[in-house]
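Student:
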Amino acid sequence: MLRTHTCGELCKKHIGQKVTLTGWVDRIRNLGGVNFVMLRDRYGLTQVIFSSEMVKGIKRESVLLITGSVRERPNETVNPDLSTGEIEVVADSVEVLSSPLEDLPFYPTDTKPPSEEIRLKYRYIDLRNREVMNRFIIRHKVSQAVRNYLSSEDFLEIETPFLTKSTPEGARDFLVPARIKSGTFYALPQSPQIFKQLLMIAGTDRYFQIVRCFRDEDLRADRQPEFTQIDLEMSFVTMEDVIKVTEGMFKHVFREVLGVDLPNNFDRYSYNQCMNEYGSDKPDRRIGMKLFDVTDCFENTSFGVISNVVDSGGVVKAFKIENFSQKTSRKTFQEFEDIVKSMSLKGLLWFTLNDGNDIRGSAIKYLKREYSMTASRLEMNTNDVCVLGAGKREVVNRALGELRRIVGDTYFSHLKTGFDIFWVLDFPLLEWNEDEQRYVAQHHPFTMPNIQDLEEYEAKDPSKIRAQSYDIVINGFEVASGSIRIHDRDLQKRVFRLLDLEDKDVENKFGFLLEAFKYGAPPHGGIAVGLDRLIAIMCRTSSIRDVIAFPKTSSGSCPLTGAPCEVEKDQLAELGLKREDSK
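In terms of the working numbering, the sequence shown opens at residue 108 and continues consecutively.
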């Protein structure tokens, strides 16, 4: 090693020792003719005293090798915020290993960081920032803790292929042309789902890997085309077995990495309960604002808009926003109404509870009695606000759930402390795709249905079939998703038929899995944890891009390398491809 110590290592016990340090120049100061250089590496900062001759020509972010003696800092200069804050190094010699040829586009310690585009273009500079690098230290510790825990539970870490068969059922695959067989393509895996099921059929019993996955989907603000998941699968298990192992893993990771103790048993919600109480299958419970069904308060209303909804079997639901009336105006409620209308709800009602139980709100002339009953039901206090929606239950739930989320983000972010973790169970097996006019799998087509539901609803209403699936939600984000899998060939074919997949298509995409089911498949199930999202939550950052070393932008591009980019014509020719505009 070129160095004897790191820049975060030296302390009082090293006083009087000769040391060699390497690192980047964080900053340079001259105080009373004395030159102070703060030398930085991944481990910390060390203050180095340079002679005037030594410091000449040294720039910020130069890479130095210095040799010198450790001495105690004067009491008045001790820095308690640094692990090395009680000492400094007096340099005897300095070697400039590398020096910037020009000013950097930004500096790691700038108080006002540049745009994200610039940070990603020069990501290697951005990663020099201590706070940014600490996220990757946490990421490493999480991966290490996961491996240690699952190994102790008798899991085997096994890699599955990155070049595989295209089996699109949901997001689009990334395709890789196969030069060895012109006109054919590999696909990058959206998940190791089928391969881990094959490993169970092979008798592996317990498998895991920390694996990169790829989805060519229309990117939303915080999605990445490539992402990492903690993937695991177990044979001869029930849902309770998977839940027990997964809870143990999460508790171990949070304790080892953050020193945080999660609950012994995570709360559980059914999908329907979650939607009815929060209007979302991944709510953030820390902000409160639970949804209440107040349809009975409006059963005898004379207000035509609401009575029509109630008479046609619709619902009226409400949630209260505590101590909020002083923060509102008509513009506020107009913005709220725009939000619910964007979610297909026709409108929004609202009222406030003022001093002396005085109620004011929209359509108050017609609904004062109903509002009073609702205020009592919701146990409202002075200055609380209530918002209400009326319509079909599913539409009202989702619209009010979205409004609740936005109100929480905008006005109640101060409540978002700690880690709120729970399970959501009993998802619908299927959901209707209006564009394709068929049912699609809500999770994936290999999820075991609730057998009793399948027998009862397969012919008359497949939307009512529940899946043996389960998600973990933390702080309003789906962090993990799993299920018990189908292990019977005939049952798998029944589910494919529910998805309106033709036999030829099934054979082409999944024939090798159905073939494997012929030869003895154990009952099995598993779960996949979104590692990027988990790390972002643990680091208390809002974007997964902050915890990926070299992320893509929201448009899927890489400012650092310029990817995606065109390739040479001869490369395309080797693959038997050409551009459509080529002559």
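We put the CB at the ideal spot given by N, CA and C, even for glycine.
Remember, predicted model here, so these are calculated numbers, not experimental data.
Buried or exposed: where does Arg573 fall if 16 or more other Cβ atoms within 10 Å of its Cβ makes it buried?
Tutor: Burial call: buried.
Student: Helix, strand or coil, according to DSSP, for Gly355 in the structure here?
Tutor: In the structure shown, Gly355 sits in a helix (DSSP, three-state: H, G or I).
Student: Find out if the Cβ-Cβ distance for the pair Lys119, Glu179 is shorter than 8 Å.
Tutor: Yes, they are a contact pair.
Student: Counting only the same chain and skipping the five closest in sequence on each side, list residues whose C-beta sits under 6 Å from that of Lys690.
Tutor: Confidence is the limiting factor: at Lys690 the pLDDT is only 49, short of 50, which leaves the residue's position unreliable, though a coordinate-based value still follows. Nothing listed; no residue qualifies.
Student: How is Tyr256 classed by DSSP in three states: helix, strand or coil?
Tutor: Residue state, collapsed to three classes: helix.
Student: Out of Asp527, Glu266, Asp133 and Leu282, state which residue places its alpha-carbon closest to the alpha-carbon of Pro207.
Tutor: If we check each option's Cα against that of Pro207, Asp133 comes out closest.
Student: From what residue to what residue does the alpha helix (DSSP H) around Tyr231 run?
Tutor: Per DSSP, Tyr231 belongs to the alpha helix (DSSP H) from Arg230 to Asp233.
Student: In chain order, what residues of the same chain have a beta carbon less than 7 Å from the beta carbon of Lys228, not counting five sequence neighbours either side?
Tutor: Excluding residues within five positions, the ones whose Cβ falls inside 7 Å are Pro666 and Leu667.
Student: So which of Ile350, Ile428, Glu260 and His521 has the shortest CA-CA distance to Ile579?
Tutor: The shortest C-alpha separation from Ile579 is found at Ile350.
Student: Between the Cα of Leu532 and those of Asp516, Gln549 and Phe519, spot the shortest distance and give me the residue it belongs to.
Tutor: Residue Gln549 is the option with its Cα nearest to Leu532.
Student: Output needed for Asp612: all residues of its chain with C-beta closer than 6 Å, excluding positions within five of it in sequence on either side, in chain order.
Tutor: None.
Student: Would the segment 405-422 and the segment 357-377 be scored as touching if the rule is three or more Cβ pairs under 8 Å?
Tutor: Counting Cβ pairs under 8 Å, fewer than three are found: no touch.
Student: Could you have a look at Leu561 and say whether DSSP puts it in helix, strand or coil?
Tutor: The answer is helix: DSSP assigns Leu561 an H, G or I state.
Student: Measure how close the beta-carbons of Ile634 and Ala643 come, nearest whole angstrom, since I'm counting them as under 8 Å.
Tutor: With a Cβ gap of about 19 Å, Ile634 and Ala643 do not count as contacting.
Student: Hey, how far is the Cα of Lys676 from the Cα of Pro284?
Tutor: Distance between the alpha carbons of Lys676 and Pro284 is about 14 Å.
Student: When the Cβ atoms of the segment 251-258 are set against those of the segment 293-307, are three or more pairs found closer than 8 Å?
Tutor: Short answer: they don't touch.
Student: Quick check on DSSP: helix, strand or coil for Phe399?
Tutor: DSSP places Phe399 in strand when its eight states are reduced to three.
Student: The beta strand (DSSP E) spanning Phe213 covers which residue range?
Tutor: Element bounds for Phe213: n/a, residue is neither H nor E.
Student: For Met145, write down the residues that DSSP places opposite it in a beta bridge.
Tutor: In DSSP, Met145 forms a bridge with Arg134 and Gln154.
Student: Suppose only complete runs of 3+ residues qualify. What are the beta strand (DSSP E) ranges in the segment 254-298, listed by chain order?
Tutor: You should have 281-284 and 292-295.
Student: Hey, out of Pro220, Gln441 and Phe553, whose CA is closest to Leu605's CA?
Tutor: For Leu605, the nearest C-alpha among the options comes from Phe553.
Student: Considering only the alpha carbon of each residue, which of Val344, Asn430, His359 and Gln297 lies closest to Gln331?
Tutor: The candidate whose alpha carbon is nearest that of Gln331 is Gln297.
Student: What separation, rounded to the nearest whole angstrom, lies between the Cα atoms of Tyr626 and Lys397?
Tutor: Computed Cα separation, rounded: 49 Å.
Student: Short of 8 Å in beta carbon distance, which residues of its chain neighbour Gln575, apart from the five on each side in sequence? Order them along the chain.
Tutor: Only Met346, Thr554, Met555, Pro556, Asn557, Ser590, Ile591 and Gly632 meet the Cβ criterion.
Student: Hey, Ile165 and Val177 are a contact pair by Cβ (cut 8 Å); roughly how many whole angstroms apart?
Tutor: Actually they do not touch by this definition, with Cβ atoms about 21 Å apart.
Student: May I ask you to report which of helix, strand or coil DSSP gives Met341?
Tutor: It is a strand residue.
Student: If you draw a straight line from the C-alpha of Val674 to the C-alpha of Pro275, how long is it?
Tutor: Their backbone Cα atoms lie some 26 Å apart in a straight line.
Student: What did DSSP end up calling Glu585 once you bin it into helix, strand or coil?
Tutor: Three-state DSSP puts Glu585 in a strand.
Student: Can you name, in chain order, every residue of its own chain whose Cβ lies under 7 Å from the Cβ of Ala470, other than the five neighbours on each side?
Tutor: Correct list, in chain order: Phe410 and Leu456.
Student: Within 10 angstroms of the Cβ of His521, are there 16 or more other Cβ atoms? Answer buried if so, exposed if not.
Tutor: Exposed, because fewer than 16 other Cβ atoms sit within 10 Å of the Cβ of His521.
Student: Short of 8 Å in beta carbon distance, which residues of its chain neighbour Arg242, apart from the five on each side in sequence? Order them along the chain.
Tutor: Answer for Arg242: Ile642, Cys646, Thr648, Asp653 and Val654, listed in chain order.
Student: Would you identify the three-state DSSP class for Asp495, choosing helix, strand or coil?
Tutor: Here residue 495 is Leu; the residue named in the question, Asp, does not match the sequence. Leu495 falls in the strand class under three-state DSSP.
Student: What's the C-alpha gap between Ile317 and Val253?
Tutor: If you take the alpha carbons of Ile317 and Val253, they lie about 9 Å apart.
Student: For Glu224, which residues of its own chain have a beta-carbon under 8 Å away from its beta-carbon, when the five flanking residues on both sides are left out?
Tutor: Closer than 8 Å at the Cβ level, and outside the excluded window around Glu224, lie Thr660 and Pro666.
Student: Would you mind reading off the limits of the alpha helix (DSSP H) that contains Ile301?
Tutor: First-last of the alpha helix (DSSP H) with Ile301: Gln300 to Ile308.
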